[in-house]
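Enquirer:
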Amino acid sequence: MNQKTEAGKGWVRRILFGSIGLLCLAAFYASWVSGHPASFYPWVTAARITIEEGLKGFSGQSSLPAGRYDVLAALLIGFVISPALFLFGWRFLRTGQRSRMAAMLLFVIGGAVTISVFAPSFPDALRSRKRMMEEKEHRAAWNAKDNLMQALNIVALDAQSYWILPPAKGGGNKNFEGYRVPAHLGSRGAGRVAIVKLGTGELRLRGWSTDYPESSVLLELDGAGNRYHFSYEGAFRL
Amino acid sequence: MGTIWIIGGIAAVAASFFLSGGDDVWQSLDAAGVATALYLMALLGFTTRKPFGTRTRVFVWCVFILAGTGVYLDWSGMSETAHRQKESLLKIRGTVSRSIMLNEMPAPLMKVLRSYAEQPPKKRGSLGKAFQAMYPADSVGRNIHTPFDQQDNLKIVVASVSDTEVVLIGQEMSVAGADRSKKNFDGRAGMVQARAILTERGVRYEPEN
Numbered sequence: 091m092n093q094k095t096e097a098g099k100g101w102v103r104r105i106l107f108g109s110i111g112l113l114c115l116a117a118f119y120a121s122w123v124s125g126h127p128a129s130f131y132p133w134v135t136a137a138r139i140t141i142e143e144g145l146k147g148f149s150g151q152s153s154l155p156a157g158r159y160d161v162l163a164a165l166l167i168g169f170v171i172s173p174a175l176f177l178f179g180w181r182f183l184r185t186g187q188r189s190r191m192a193a194m195l196l197f198v199i200g201g202a203v204t205i206s207v208f209a210p211s212f213p214d215a216l217r218s219r220k221r222m223m224e225e226k227e228h229r230a231a232w233n234a235k236d237n238l239m240q241a242l243n244i245v246a247l248d249a250q251s252y253w254i255l256p257p258a259k260g261g262g263n264k265n266f267e268g269y270r271v272p273a274h275l276g277s278r279g280a281g282r283v284a285i286v287k288l289g290t291g292e293l294r295l296r297g298w299s300t301d302y303p304e305s306s307v308l309l310e311l312d313g314a315g316n317r318y319h320f321s322y323e324g325a326f327r328l
Numbered sequence: 049m050g051t052i053w054i055i056g057g058i059a060a061v062a063a064s065f066f067l068s069g070g071d072d073v074w075q076s077l078d079a080a081g082v083a084t085a086l087y088l089m090a091l092l093g094f095t096t097r098k099p100f101g102t103r104t105r106v107f108v109w110c111v112f113i114l115a116g117t118g119v120y121l122d123w124s125g126m127s128e129t130a131h132r133q134k135e136s137l138l139k140i141r142g143t144v145s146r147s148i149m150l151n152e153m154p155a156p157l158m159k160v161l162r163s164y165a166e167q168p169p170k171k172r173g174s175l176g177k178a179f180q181a182m183y184p185a186d187s188v189g190r191n192i193h194t195p196f197d198q199q200d201n202l203k204i205v206v207a208s209v210s211d212t213e214v215v216l217i218g219q220e221m222s223v224a225g226a227d228r229s230k231k232n233f234d235g236r237a238g239m240v241q242a243r244a245i246l247t248e249r250g251v252r253y254e255p256e257n
C-alpha cells in the first residue's frame with residue numbers, strides 16, 4: 091500500500107515538474123517568436139519594455155501597458171525555480187535522500203542558472219552606475235543648450251520684428267542699428283542672451299548658461315533680417 | 049518537499065506580481081522582487097538546516113547577502129536608467145515639437161508684418177485685414193498646419209483675428225509638455241503648446257507648456 095502511495099506521489103511530482111518545464115520552454119519560445127528573446131534578468135526585460143514605451147511616445151503613439159509575462163517568467167526561472175533546484179539538489183547530495191544522479195542533476199542545472207543570474211550583477215551594477223553619471227552630465231548640458239536655443243530664437247524674432255518695422259513703430263527700418271534685447275527676453279532661468287555684434291548688415295546674439303560659463307551658443311542674423319546660422323562652443327558642441 | 053517549495057514560491061511571487069499591477073511594469077516587478085527576496089530567505093533557511101554545519105550556513109548567508117546586494121544595485125540601477133531614457137525620449141520629442149512650432153508659427157505672421165510695414169502709412173489697413181488678404185482661407189478656428197508625415201500631430205490654429213492683433217496657437221495632440229496639468233487650447237491637458245502673436249509692435253512668441 092505504502093509502495094503504491096509512494097509510486098503515485100512520484101508520478102504527481104514528475105507531471106508537475108514536467109508541466110513547469112514545458113511552461114518555461116513555451117514562455118521562452120513565445121518570447122523568441124515575438125522577437126524579444128527572454129533573459130534570466132527580469133530587470134533587463136522590464137527596462138526593454140519601459141524604453142519601448144518611450145519610443146512609442148517619441149513617435150507620437152499612445153503607450154499602452156505592454157505584456158509583462160516574460161518579465162515574470164524570467165523572475166520565476168532565475169530567482170524561484172533555479173535556486174530551489176540548486177539548494178534542494180545540494181541538500182539531497184548531502185543527506186542522501188534521493189538518488190545521487192537526480193540530486194547531482196538538480197544541483198548542476200539549478201546551480202548553473204542561479205550563478206549565471208547572480209554572479210554578473212555586481213560588475214553590471216558598477217558599470218551601469220558609471221554610465222548613468224555620464225548620461226546625467228550629458229543630459230544636463232543638452233537641456234541647457236536646448237533652453238538657450240529657444241531663448242535665442244525668441245530674441246531673434248523680436249530682432250526680426252525690429253528690422254521690419256519703421257522707426258515710427260519703434261523699429262529699425264531694415265536695419266538692426268539701435269536694437270536692444272528686451273529685459274524680459276534677455277534672461278530666462280539660468281540662460282542669458284546678449285548682443286555680441288551689431289551692425290547695419292548683421293546681428294550676432296550669444297546665449298550662455300550660468301551653469302556652463304565656458305560654453306555658449308551663437309546665433310547670427312543676416313542683413314535681410316533672417317536667422318541663418320547657429321554655432322556652439324564648449325560643452326554645447328554635442 | 050522541493051515540489052511544494054517551488055509551487056509555493058511561484059504562487060507567492062506571481063500573486064504579488066499581478067496584485068500590485070499598475071501602468072508601470074516596474075511596480076509589479078518591485079513587488080514581486082520583495083516577495084522573491086522573502087521566499088529566498090525562507091528557502092535558504094530551510095535547505096541549509098541540519099545536517100549542514102554552522103560554518104556552512106554562515107558562508108551561504110554571506111554569499112546570499114553579497115549576491116543579493118549586487119542584484120539589488122543592478123535592478124535599481126537599471127530601473128533608474130530605463131526611466132531616464134524613456135523620459136529623455138519624450139523630452140527630445142517635446143524639443144522637436146517646440147522647434148517645429150517656433151519655426152512654423154511666426155513665419156506666416158512675419159510675412160504679414162513685412163507686407164503691412166511696406167504699405168504707405170495712409171494706405172495701411174488693419175493687421176486683421178492684412179492677414180485675411182494674405183491668407184483668405186485661414187479663418188478663426190482653422191488648423192493651418194499641413195502635417196509633415198503620419199506621426200506629425202501638431203495643430204496650428206488661428207485663435208483670433210482683430211484689427212490690432214492676430215493670434216496663432218500651436219498645440220501637440222500627443223506630446224506632453226513640462227506641466228502635465230496645464231489646460232490646453234482644445235480642452236486637453238498637459239500637451240506642448242505655444243502662442244504666436246502679431247501686433248503693430250511686431251511678432252511675439254510665448255511658449256505656454
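Quick note, the sequences are listed as chains A and B, same order.
91 is the number of the first residue of the first sequence in our numbering; add one for each residue after it.
49 is the number of the first residue of the second sequence in our numbering; add one for each residue after it.
Quick reminder that beta carbons are idealized off the backbone N, C-alpha and C, glycines included.
Any Cβ of chain A within less than 8 Å of the Cβ of GLU248 of chain B?
Expert: Closer than 8 Å: yes.
Enquirer: Which residue marks the beginning of the alpha helix (DSSP H) containing GLY200 of chain A, and which one marks its end?
Expert: 190 to 208 is the extent of the alpha helix (DSSP H) around GLY200 of chain A.
Enquirer: Is it buried or exposed, PHE266 of chain A, if we count other Cβ atoms within 10 angstroms and call 16 or more buried?
Expert: By the 10 Å Cβ count, PHE266 of chain A comes out buried.
Enquirer: With a threshold of 16 other CB atoms inside 10 Å of the CB of LYS177 of chain B, please say whether the residue is buried or exposed.
Expert: LYS177 of chain B is exposed by the Cβ-count criterion.
Enquirer: Is the shortest distance between the beta-carbon of PHE65 of chain B and the beta-carbons of chain A less than 8 Å?
Expert: Yes, PHE65 of chain B lies at the interface with chain A (some Cβ there is under 8 Å from its Cβ).
Enquirer: Could you tell me whether any Cβ in chain A is nearer than 8 Å to the Cβ of ALA181 of chain B?
Expert: Not one chain A Cβ lies under 8 Å of ALA181 of chain B.
Enquirer: For the ligand HEM, any of its heavy atoms closer than 7 Å to the Cβ of ALA284 of chain A?
Expert: This structure simply doesn't include the ligand HEM, nor any ligand for that matter.
Enquirer: Is DSSP giving LYS259 of chain A helix, strand or coil here?
Expert: Three-state result, LYS259 of chain A: helix.
Enquirer: Counting contacts by CB-CB distance shorter than 8 Å, is ARG49 of chain A in contact with chain B?
Expert: The question about residue 49 of chain A has no answer, for chain A in this structure spans 91 to 328.
Enquirer: Could you work out which residue in A:PHE176, A:THR140, A:LYS146 is closest to THR51 of chain B when comparing CA atoms only?
Expert: It is A:PHE176.
Enquirer: Given a threshold of 16 other Cβ atoms within 10 Å of its Cβ, counted over all protein chains shown, does THR129 of chain B qualify as buried or as exposed?
Expert: With 16 or more other Cβ atoms within 10 Å, it is buried.
Enquirer: For the stretch 201 to 229 of chain B, which residues have a CB atom closer than 9 Å to at least one CB atom of chain A, in sequence order?
Expert: Against chain A - using a Cβ distance shorter than 9 Å - the residues of the stretch 201 to 229 of chain B are ASN201, GLU220, MET221, SER222, VAL223, ALA224.
Enquirer: Am I right that LEU161 of chain B and ILE254 of chain A are in contact with their C-beta atoms under 8 Å? What's the rounded C-beta distance?
Expert: Yes, they are in contact, since the Cβ atoms of LEU161 of chain B and ILE254 of chain A sit about 5 Å apart, within 8 Å.
Enquirer: Is GLN75 of chain B close to chain A, meaning its C-beta is less than 8 Å from at least one C-beta of that chain?
Expert: Not closer than 8 Å to any Cβ of chain A, the Cβ of GLN75 of chain B fails to qualify, so no.
Enquirer: From B:PRO99, B:ALA115, B:ILE204, pick the residue whose C-alpha is nearest to that of ILE148 of chain B; which is it?
Expert: Comparing Cα-Cα distances from ILE148 of chain B to each of B:PRO99, B:ALA115, B:ILE204, the minimum goes to B:ILE204.
Enquirer: With 8 Å as the threshold, decide whether the Cβ of PHE197 of chain A is near any Cβ in chain B.
Expert: It does not; no Cβ of chain B falls within 8 Å.
Enquirer: Anything in chain A within Cβ reach of LYS134 of chain B, meaning under 7 Å, just list it in chain order.
Expert: Result: THR140, ILE141, GLU143, GLY144.
Enquirer: For MET222 of chain A, would you say it is in contact with chain B, using Cβ-to-Cβ distances shorter than 8 Å as the test?
Expert: True, the Cβ-Cβ gap to chain B drops below 8 Å.
Enquirer: Please report the residue range of the alpha helix (DSSP H) in which VAL111 of chain B lies.
Expert: VAL111 of chain B -> alpha helix (DSSP H) spans 102 to 152.
Enquirer: Compare the C-alpha of VAL215 of chain B against each of B:GLY189, B:MET221, B:ASN232 and name the closest.
Expert: Nearest option by C-alpha distance: B:GLY189.
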